[in-house]
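The block underneath contains the structure these notes are about, expressed in structure tokens.
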Amino acid sequence: MIDRDAIVARARTFKDIPYQHQGRTRNGLDCLGLCWVTYSKFVAFEEQEFPEGSFSYFHNYARDPDPERMGVGFERFFYTVPKDEALPGDMIWLKIMGQPKHMGIVTAGEPLRMIHAYGQLGRHSRDRGVGRVVEHDLDPKWDRRVHRILRLKGL
């Protein structure tokens, strides 16, 4: 069985890493990259286990990703739980501009906290942490963006 605390501890080792689109290293991460490098320590994401075409999508996607293709890939390794049942180590899938295209990892409940790589610019550029991996409470702005809580199979 996978340990929730170990997932959160692993994710926290990436705090303050700069944001980089499609980043998968300590030199730079994006939101999917943070989830990938965190969960891949506990689960082998093998190409043949992904639905056709979805594995490569997780390594070569636009700044504005396709939520449908992301969801197909997630379903192989995660299942949805109600937001009020979110636990540390779960993945949180969030809407940006009305579309599910951002993700992070739940680090605590009551209040719900998450860690994510946040590179959004524009009207939110005053937000603390823009351009790096940050951890914070789900304030009302973030809470209303929750699309799904995804639990890793085996947790």
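Going letter by letter, the sequence shown gives residues 131 to 285 in my numbering.
Note that CB positions come from ideal geometry on N, CA and C, so glycine has one too.
All of these numbers come straight from a predicted model, not from anything done at the bench.
Asked: Start-to-end residues for the alpha helix (DSSP H) that takes in G163; Found: C161 to Y169
Asked: Residue(s) in a DSSP beta bridge with E265; Found: I245
Asked: Whole-angstrom distance between Y169 and D133, CA atom to CA atom; Found: 11 Å
Asked: Euclidean distance between Cα positions of T143 and F208; Found: 22 Å
Asked: Residue interval of the alpha helix (DSSP H) (run including V138); Found: R134 to R142
Asked: G261 beta carbon less than 7 Å from that of H246; Found: no
Asked: Option in W272, Q229 and E265 with minimal Cα separation from P197; Found: Q229
Asked: Backbone secondary structure at P107 - three-state DSSP; Found: The requested residue 107 does not occur in the structure, where the chain is confined to residues 131 to 285.
Asked: C165 to V263 span [Cα, whole Å]; Found: 11 Å
Asked: Cut-off 6 Å between Cβ atoms - residues of its own chain near Q178, not counting five sequence neighbours on either side; Found: Model confidence at Q178 stands at a pLDDT of 49, short of 50, so the residue's coordinates are unreliable; what they give is reported in the following sentence. Same-chain partners within the cutoff: there are none.
Asked: Contact belief for L242 with L268 at Cβ below 8 Å, rounded distance in angstroms; Found: 4 Å
Asked: Cutoff 7 Å: K145 Cβ touching any chain C Cβ; Found: Going by chain labels, chain C is absent from the structure shown, which holds only one protein chain.
Asked: Proximity of I222 and V236 at Cβ, strictly below 7 Å; Found: yes
Asked: CA-to-CA distance, W272 to N157, given in whole angstroms; Found: 26 Å
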